[in-house]
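Chains R and X, in that order, are what the protein sequence lines are.
With UniProt numbering applied, the first sequence covers 1 to 492.
With UniProt numbering applied, the second sequence covers 1 to 492.
Step one of this worksheet: look at the structure below.
Protein chains: 2
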Amino acid sequence: MSKKLTSRAEDYSKWYNELVVKADLAENSAVRGCMVIKPYGYAIWEKMQDELDKMFKETGHQNAYFPLFVPKSLFEAEEKNAEGFAKECAVVTHYRLQNDPDNKGKLRVDPKAKLEEELVVRPTSEAIIWNTYRGWIQSYRDLPLLINQWANVVRWEMRTRLFLRTAEFLWQEGHTAHETKKEALAEAELMNDVYAKFAENFMAIPVIQGIKTESERFAGAEETYCIEALMQDGKALQAGTSHFLGQNFAKAFDVKFANKEGKQDYVWATSWGVSTRLMGALIMTHSDDNGLVLPPSLAPNQVVIVPIYKSEEDLEAITNVANTILSELRGKNITVKYDNRTTHRPGAKFAQHELQGVPLRIAIGARDLANGTVEIARRDTLTKEVVAMEGLSDKIEALLKTIQKDLFNKALDFRNNHITEVDNFDEFIEVLESKTGFVSAHWDGTAETEDKIKELTKATIRCIPLEGIEEMGDCVYTGNPSKRRVLFAKAY
Amino acid sequence: MSKKLTSRAEDYSKWYNELVVKADLAENSAVRGCMVIKPYGYAIWEKMQDELDKMFKETGHQNAYFPLFVPKSLFEAEEKNAEGFAKECAVVTHYRLQNDPDNKGKLRVDPKAKLEEELVVRPTSEAIIWNTYRGWIQSYRDLPLLINQWANVVRWEMRTRLFLRTAEFLWQEGHTAHETKKEALAEAELMNDVYAKFAENFMAIPVIQGIKTESERFAGAEETYCIEALMQDGKALQAGTSHFLGQNFAKAFDVKFANKEGKQDYVWATSWGVSTRLMGALIMTHSDDNGLVLPPSLAPNQVVIVPIYKSEEDLEAITNVANTILSELRGKNITVKYDNRTTHRPGAKFAQHELQGVPLRIAIGARDLANGTVEIARRDTLTKEVVAMEGLSDKIEALLKTIQKDLFNKALDFRNNHITEVDNFDEFIEVLESKTGFVSAHWDGTAETEDKIKELTKATIRCIPLEGIEEMGDCVYTGNPSKRRVLFAKAY
Ligand SMILES: [Zn+2]
Ligand SMILES: [Zn+2]
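Below you can see the structure in the form of structure tokens.
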């Protein structure tokens with residue numbers, strides 16, 4: 001547990017895998033591709049959930065719950081969506097086990113308990129939800145319908161990595177229904193914006209808002225909005241998506257409504273989601289060779305206090321002081337833990353809290369008591385300072401705000417330094433290989449060119465940025481005319 | 001939607017089903033036995049989750065997440081548990097769909113994508129969790145391990161009813177590991193007590209704490225504690241269970257620890273859970289022929305304000321007053337909604353809020369403005385009173401507390417009036433058939449007698465109450481000696 005991590009320079013991917021396990025965030029399970037989210041990792045995920053849930057409710061959404069299973073006949077109703085997910089579906093075919101006559105004490109699937117229709121374990125819930133919405137929507141008075149679901153989903157990925165790509169993952173999926181195309185588009189944009197605000201203000205992760213090209217779109221969507229972040233190794237990570245689904249699902253599931261003029265029309269749809277993948281983005285944005293670095297807003301413990309003592313008397317005196325600090329900090333809604341475990345020495349405690357990313361560590365020794373001081377260590381900068389007990393809780397409160405801001409600015413600088421405008425293909429390859437990050441380049445708008453570039457460089461178009469400006473130019477690969485730059489990158 | 005419910009006297013079961021759907025709590029889905037929990041029902045479930053989660057954390061538990069799937073070989077490792085759930089397991093056998101060559105536009109299971117080992121969709125998570133705990137527990141320093149999971153589980157029930165018995169349901173499952181038998185027993189008792197406090201103080205449902213007989217125990221448990229509630233139709237409902245699992249799972253999954261003396265020993269276990277079934281208990285404890293009745297602690301809206309107006313001017317004046325009330329109530333953390341929909345008349349609004357169990361309704365008309373009064377209607381008693389605007393928010397706050405307490409006391413009276421001590425079998429049958437409720441009777445302690453009584457009367461032993469007193473007597477069926485009474489009832 002206290003063993004050092006592989007450094008990022010040595011092997012970024014190995015560093016990531018080790019950090020996830022050693023910081024007690026998650027681990028692989030006995031089920032291929034499925035992870036166990038450990039209590040410390042789950043506590044961080046809960047903080048994300050709480051904040052997102054609040055933001056969803058503030059924008060008028062309600063939670064609900066729809067079945068885990070999708071009957072095959074519903075699953076295949078929206079063809080593009082079905083096609084997009086068919087190759088990675090876990091399928092329930094039987095509903096009973098029985099004693100295995102050939103293997104005492106073992107079970108086997110009961111061949112007589114075969115389902116008439118197979119059930120797909122939801123890879124996403126548009127099908128089951130739109131089949132339900134048909135019963136909920138008759139008139140414009142039933143619209144908009146603004147619903148979110150917190151759920152587990154399963155996509156049978158062949159190559160999995162903790163948090164980034166797992167066969168089962170946790171997410172939220174919003175599914176909304178609207179009277180008009182305009183309203184649905186506005187909703188898709190609004191929720192992408194909610195995601196961007198959440199990523200930047202809460203997770204301290206700068207993101208670029210954009211739209212996906214047709215080939216990168218969600219299966220069944222007419223437009224996919226996204227937020228794209230940049231990881232420390234120069235690869236992009238799609239941190240959230242929000243889809244304008246047009247009338248595709250309404251048509252597939254026959255969801256019509258009587259509009260204000262009394263005419264029947266198909267309903268317009270959106271869906272949007274973020275997942276436990278955000279944990280991966282969090283780790284690869286802020287962490288370092290010593291382990292996890294957490295923005296204070298996501299830290300289960302924002303502050304930890306470690307007593308440094310030789311005698312029981314010292315410990316008693318330190319504990320008295322610590323208790324005062326604890327109650328002052330808790331009065332300010334700062335989460336703080338007093339680590340007075342007798343099973344670990346201070347050095348081991350320091351290492352553990354560093355590995356787990358606790359933003360601030362307060363050490364109190366006998367000399368501090370005499371001087372009326374404590375030692376504060378910042379996890380993000382690894383700097384220490386001795387400060388007066390007097391006014392400590394105000395100081396801590398301010399420091400936590402500073403850390404939150406500094407982490408964002410540091411990530412923003414890095415990200416901005418890794419967006420490179422490129423105007424010829426040699427440079428394009430060169431930047432992707434050596435500098436890495438986003439390459440901002442002209443593209444002729446065709447899927448053929450996009451495919452070819454992906455084949456040659458492994459880079460994909462991450463998005464057409466919403467804030468991009470119109471600028472005539474020549475496609476970086478074909479030289480054909482282009483009206484604006486798009487962002488390419490290798491990606492998770 | 002506004003159509004009247006079947007009365008409870010006419011058909012209790014039909015009343016229940018209609019109420020669940022008409023009050024917008026849940027509905028059946030396209031997947032056999034799986035329900036859709038609608039936003040209003042889910043909002044109530046969220047309140048239960050929040051309170052339980054707080055109680056779990058206050059007693060030292062942390063949340064985590066374990067895989068949805070259990071490989072068959074792990075599932076069968078603890079034999080009694082496997083045997084108990086084998087007949088109701090949904091089983092994933094394939095991981096891919098493909099285009100059906102015989103049916104254009106349709107999909108079929110790809111026969112080449114058969115899993116080497118089948119995956120059981122978790123009916124409960126002991127197996128996957130204890131297989132994980134093996135890696136987490138080496139020494140007594142790792143104990144106790146106090147973990148809870150919020151999750152969906154699947155049990156392929158043949159006869160399903162919304163909330164009460166569904167193929168998929170939502171629940172929490174605690175799984176703890178301890179050094180000693182004594183500690184594990186204390187944990188199982190503690191969590192049963194947490195459930196009892198939650199049911200009584202939060203849901204206003206009186207419960208009897210007890211232990212299950214061997215034949216009613218959780219498969220794989222050595223002792224099952226439970227809380228039993230009584231529904232309005234005189235049938236009992238098991239509202240939560242807490243299991244002492246002994247060393248059964250530790251032995252099945254080889255989870256040992258080095259104790260303080262350095263010797264290896266198997267770990268002691270508990271598990272405990274409550275589910276969306278609690279929604280059924282809630283409905284059948286408090287509701288009436290007009291619909292849902294909610295204790296204020298569980299009401300998404302504790303108060304609703306309905307304006308009664310003829311002119312736009314009246315509405316404006318009423319809205320001004322309403323806004324003052326809204327902000328005062330919100331300042332007291334009371335959830336309140338101003339129902340100023342123009343699409344519905346006051347009568348329709350009243351009916352809807354009654355059906356959905358809003359504890360207090362405030363109606364404000366033009367005459368009220370002149371008099372400085374409002375009309376308050378209590379959902380639980382269906383009584384109305386005209387009260388002064390002056391001091392209204394204090395009055396409302398007090399009334400909500402009164403309603404919470406009155407609901408509990410009413411249910412407690414009903415429950416207490418339906419525990420009948422019986423000393424011969426004719427009376428036993430008579431009470432079960434006519435008076436209904438719990439029958440407190442002597443039992444000789446054998447599974448044979450228990451089975452025979454069940455066969456003859458459909459009543460089961462709900463529990464051996466923890467608070468029961470020792471009292472020698474003769475078994476109500478066999479006349480054999482018995483040391484204490486147990487509680488029989490027909491049950492959900
Ligand atoms: Zn660089
Ligand atoms: Zn009665």
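C-beta: ideal position from N, C-alpha, C; glycine also.
Given the structure is predicted, the values throughout are model-derived calculations rather than measurements.
Pick from X:D314, X:A43, X:F438 that is closest to K57 of chain R, judged by C-alpha positions: Nearest C-alpha to K57 of chain R: X:A43.
Contact list for the stretch 113-131 of chain X against chain R, Cβ threshold 8 Å: Correct list: E118, L119, V120, V121, I128, N131.
Nearest-angstrom Cα separation, counted from F257 of chain X out to S139 of chain X: Taking the straight line from one Cα to the other gives about 5 Å.
Residues of its chain near D314 of chain X, where Cβ-Cβ distance is below 6 Å and the 5 sequence neighbours each way are ignored: So the qualifying residues of the chain are A366.
Chain R contact residues for C226 of chain X, given Cβ-Cβ distances below 7 Å: Within 7 Å Cβ-Cβ: nothing; C226 of chain X doesn't reach chain R, min ~26 Å.
Cβ-based burial, P67 of chain R [other Cβ within 10 Å; buried from 16]: Answer is buried; the Cβ neighbour count reaches 16.
Closer than 8 Å to chain X by CB, F66 of chain R: So, interface residue.
Contact with chain A by S275 of chain X, beta-carbon distance below 8 Å: The structure shown contains no chain A; the protein chains it does contain are R and X.
Any C-beta of chain R under 8 Å from that of P144 of chain X: With a threshold of 8 Å between beta carbons, P144 of chain X makes no contact with chain R.
Expected contact under 8 Å - CB spacing of L298 of chain X and I396 of chain X to nearest Å: The C-beta separation of L298 of chain X from I396 of chain X comes to about 17 Å, leaving the pair out of contact by the 8 Å criterion.
Three-pair Cβ contact test at 8 Å for the stretch 269-289 of chain X versus the stretch 162-182 of chain X: Taking one beta carbon from each stretch, the stretch 269-289 of chain X and the stretch 162-182 of chain X have 3 or more pairs nearer than 8 Å; the two touch.
Selection from X:G437, X:S215, X:E117 that minimises the alpha carbon distance to V207 of chain X: V207 of chain X has its Cα closest to that of X:G437, out of X:G437, X:S215, X:E117.
Selection of the stretch 173-202 of chain X by Cβ proximity to chain R, strictly under 9 Å: Listed by position along the chain: nothing, the set is empty.
Beta-carbon contacts of T59 of chain X that lie in its chain and below 7 Å, excluding the five residues immediately before and after: The answer, listed in chain order, is L190, V194.
Interface residues of chain X facing G105 of chain R [CB-CB closer than 8 Å]: In chain order: E76, E79.
Test item: CB-CB of K80 of chain X and V120 of chain X under 8 Å: For K80 of chain X and V120 of chain X, no; Cβs fall outside 8 Å.
Cβ of W171 of chain R within 8 Å of any chain X Cβ: For W171 of chain R, no Cβ of chain X is located within less than 8 Å of the residue's own Cβ.
Members of the stretch 45-69 of chain R that neighbour chain X once the beta carbon cut-off is set at 7 Å: Answer in chain order: E46, Q62, N63, A64, Y65, F66, P67, L68, F69.
For A151 of chain X, the nearest candidate out of X:G174, X:L145, X:R134 (CA to CA): Sorting X:G174, X:L145, X:R134 by C-alpha distance to the C-alpha of A151 of chain X places X:G174 at the top.
is_contact[A281 of chain X, chain R] using C-beta, thresh 8 Å: It does not: the Cβ of A281 of chain X has no partner Cβ on chain R nearer than 8 Å.
Extent of the continuous beta strand (DSSP E) run through Q247 of chain X: No beta strand (DSSP E) holds Q247 of chain X; DSSP gives it neither H nor E.
Close beta carbons around L107 of chain X, own chain, < 8 Å, minus the five adjacent residues each side: The beta carbon of L107 of chain X sits closer than 8 Å to the beta carbons of L97, Q98, N99, D100 from its chain, once the five residues preceding and following it are set aside; these are given in chain order.
Top-ranked residue by Cα proximity to D53 of chain R, from R:S275, R:A370, R:N17: In this structure, R:S275 is the residue among R:S275, R:A370, R:N17 with its C-alpha nearest to the C-alpha of D53 of chain R.
Option nearest Y12 of chain X by Cα separation, candidates X:A459, X:G291, X:T446, X:E375: Of the candidates X:A459, X:G291, X:T446, X:E375, X:G291 places its Cα closest to the Cα of Y12 of chain X.
Between the CA atoms of G240 of chain X and R8 of chain X - distance to the nearest angstrom: If you take the alpha carbons of R8 of chain X and G240 of chain X, they lie about 25 Å apart.
Environment of T285 of chain X [buried if 16+ CB atoms lie within 10 Å]: Its Cβ being crowded by 16 or more others within 10 Å, T285 of chain X is buried.
Where the alpha helix (DSSP H) containing A348 of chain X begins and where it ends: Element bounds for A348 of chain X: 346-355.
Under the three-state DSSP convention, the category R161 of chain X falls into: Note: R161 of chain X maps to strand in three-state DSSP.
Beta-carbon contacts of A322 of chain R that lie in its chain and below 7 Å, excluding the five residues immediately before and after: Within the same chain, A322 of chain R has close Cβ partners I305, P307, Y338, I364.
Short-range partners of chain X found in the stretch 243-266 of chain R, where Cβ spacing is below 9 Å: Those residues of the stretch 243-266 of chain R placed with their C-beta closer than 9 Å to a C-beta in chain X do not exist.
Three CB pairs or more closer than 8 Å across the stretch 259-274 of chain R and the stretch 231-248 of chain R: Cβ pair count under 8 Å is three or more, so yes.
Distance, V21 of chain R Cα to M1 of chain R Cα: Confidence at M1 of chain R is low in this model, with a pLDDT of 46, below 50, so the placement of that residue is unreliable and no value is reported for it.
I325 of chain X burial status per 10 Å Cβ neighbour count (16 or more: buried): Classification of I325 of chain X: buried, given that the 10 Å Cβ count is 16 or more.
Helix, strand or coil at V17 of chain X [DSSP, three-state]: It is worth fixing the name first, because residue 17 of chain X is Asn in this sequence and not Val. Here N17 of chain X sits in helix by DSSP.
Whole-angstrom C-beta distance between I211 of chain R and A411 of chain R, which should lie under 8 Å: A411 of chain R to I211 of chain R, Cβ: 23 Å. No contact.
Closer than 8 Å at the beta carbon, the chain R residues around Y95 of chain X: Ordered by position in chain R, the residues that pass the 8 Å Cβ test against Y95 of chain X are E88, C89, A90, V91, W156.
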